[in-house]
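Residue numbers (full-length UniProt numbering): 8 to 302.
First comes the structure, then the notes that go with it.
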Amino acid sequence: KLLGGFKRTSDRLLGNLAGLGTGPLDRATLDEIEEALIASDLGPQTAARIRHRLSTGVFERDMEDLGIRLVVAEEIEKVLDTVAKPLEITGFPRPHVILVIGVNGSGKTTTIAKLAHLLKEQDYGVMLAAGDTFRAAAIGQLATWAERAGVPIISGKEGGDAAGIVYEAVKQATATGIDVLIVDTAGRLQNKRELMDELSKIRRVLGRLNVDSPHDVLLVLDATTGQNALSQIEVFKKDAGVTGLVMTKLDGTARGGVLVAAAEQYGLPIHAIGVGEGMGDLRPFDANEVARIIA
Ligand code: GDP
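Written as C-alpha cells, this is what we have:
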C-alpha cells in the first residue's frame, strides 16, 4: 500500500525528468531538472541542492543515467531523515496528552482512530476526548471510531466547552490509569482567533490539573492538497504551537513530494503517514523507504 501510494508520486517525478530527453547535462538541462523537481512538489531548496550536486558530480551527461536518480533519492532521504520521528509517549505522570488539530476533511478523525489503534497495539491504554464540539457530526463520528478501536471516549454536547471535556477526560484518565489521552479539537482555520482561544483554554485547564502538557500538538494535513498543506503548516505552526505532523492520503496521490517540501521548509517532526481509510492504515514514517520509492 505504501509503495502503491508513492508510486504515483514517483511516476510523476520520473516522468517529469524523463520528459527532458537525453541531451547533455548542460546548464539548460540542469535548469530543467531543477524545475521538474519543483514541479514534483519537492520544494525549492531540495531542488537547488540536487541541481548543485548534479552540476559538480561526474555523470553520463545523459538523462538515462541512473546516477541522477541516485542523487535525487539520496537528497530526498537526507531531508526526510531529519524529520522522520516516531511519536514518543513520554508524558509523566500519565496521561500523555496529544492535541490533534487540522481543517475539516484533512483526515483528522480517521487519524485519531488510527493512532488510538496503533498505540493500543503497543499496549498503551488509550482514551479519546471529543473536543471538536463545533459539529455534532464530528462527535458522533469520533464515537463510532472509538467503539471500533475499542477505546473509551469522553464527549459532551454540540457547542459545548472543549476545555471542560478535556478537564473531565484527564480526571477520568488519571483515575483509570490511561496512558495516552488523544484530544480532538475544532480545526477552524477560517476562524484562527477562536481556535487559538480554545487551545489556550485547554492549556490552562491542563495546567490546573498539573499536567505538564500537551505533550504533543499534532497537525493533520491532507497530502493531496499539495502547496495548500504547506500554507496550513505556516498558519498553525506558530499560532497553535504545533509540535509534529501527520500527513494523510498518501495512498494514490501524485503529490507525495510535498512531504519533502514540508520537511525542508518547516523541519517539524513527521510522526506518521496515512496510507488508506482503514484502522491499520497509519504507518510510521521511514525516510529511507520513502526516498527509495520516490526516486
Ligand atoms: P476530518 O473531517 O478531518 O475529521 O476528516 P475524516 O477523518 O472524516 O476524513 C475525511 C475523508 O478522508 C474520509 O472519507 C476518510 O476516509 C478519508 N481519509 C482519511 N485519511 C485517509 C488516508 O490516509 N487515505 C485515504 N485514501 N483516505 C483517507
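C-beta: ideal position from N, C-alpha, C; glycine also.
It should be emphasised that the depicted structure is a prediction, and the values quoted were computed from it without experimental measurement.
With H, G and I counted as helix, E and B as strand and the rest as coil, what does DSSP make of Ile161? Strand, per DSSP.
Residues bridged to Pro291 by DSSP? Ala279
Mind checking who Thr255 pairs with in its DSSP beta bridge? Asp229
Please return the same chain residues whose Cβ sits closer than 7 Å to the Cβ of Thr231, not counting the five positions on each side in sequence. Excluding its 5 nearest sequence neighbours in each direction, Thr231 has C-beta neighbours in its own chain below 7 Å: Lys256, Thr260, Arg262, listed in chain order.
Where does Ala25 sit, in a helix, a strand or coil, going by DSSP? helix
Going by C-alpha to C-alpha distance, which of Ile96, Thr117, Asp288 sits closest to Gln129? Looking at Ile96, Thr117, Asp288, the one whose alpha-carbon comes closest to that of Gln129 is Ile96.
Roughly how many whole angstroms lie between the Cα atoms of Val90 and Pro102? 25 Å
Quick one: is Leu202 buried, meaning 16 or more other Cβ sit within 10 Å of its Cβ, or exposed? Residue environment analysis places Leu202 among the buried positions, since at least 16 neighbouring C-beta atoms fall within 10 angstroms of its C-beta.
Quiz: which residues have CB nearer than 6 Å to the ligand GDP non-hydrogen atoms: Gly109, Asn111, Gly112, Ser113, Gly114, Lys115, Thr116, Thr117, Thr255, Lys256, Asp258, Gly281, Val282, Gly283, Glu284, Asp288
Determine the DSSP secondary structure at Ile189, reduced to helix, strand or coil. strand
Per-residue burial, Gly264 [other beta carbons within 10 Å of its own, 16 or more giving buried]: The residue in question, Gly264, is buried, as its Cβ has 16 or more Cβ neighbours within 10 Å.
Where Leu216 falls: helix, strand or coil (DSSP): coil
Compare the C-alpha of Leu237 against each of Ala294, Arg15, Glu271, Ala25 and name the closest. Glu271
With distances taken Cα to Cα, identify the nearest neighbour of Gly233 among Ser162, Ala55, Ser207, Val267. Val267
Within 8 Å, strictly: CB atoms of Ala193 and Glu175: no
For Ala294, collect the residues of the same chain with a Cβ closer than 6 Å to its Cβ; drop the 5 residues on either side in sequence, then sort them by chain order. Glu84, Leu87, Asp88, Ala91
Could you spell out where the alpha helix (DSSP H) holding Gly147 opens and where it closes? 143–156
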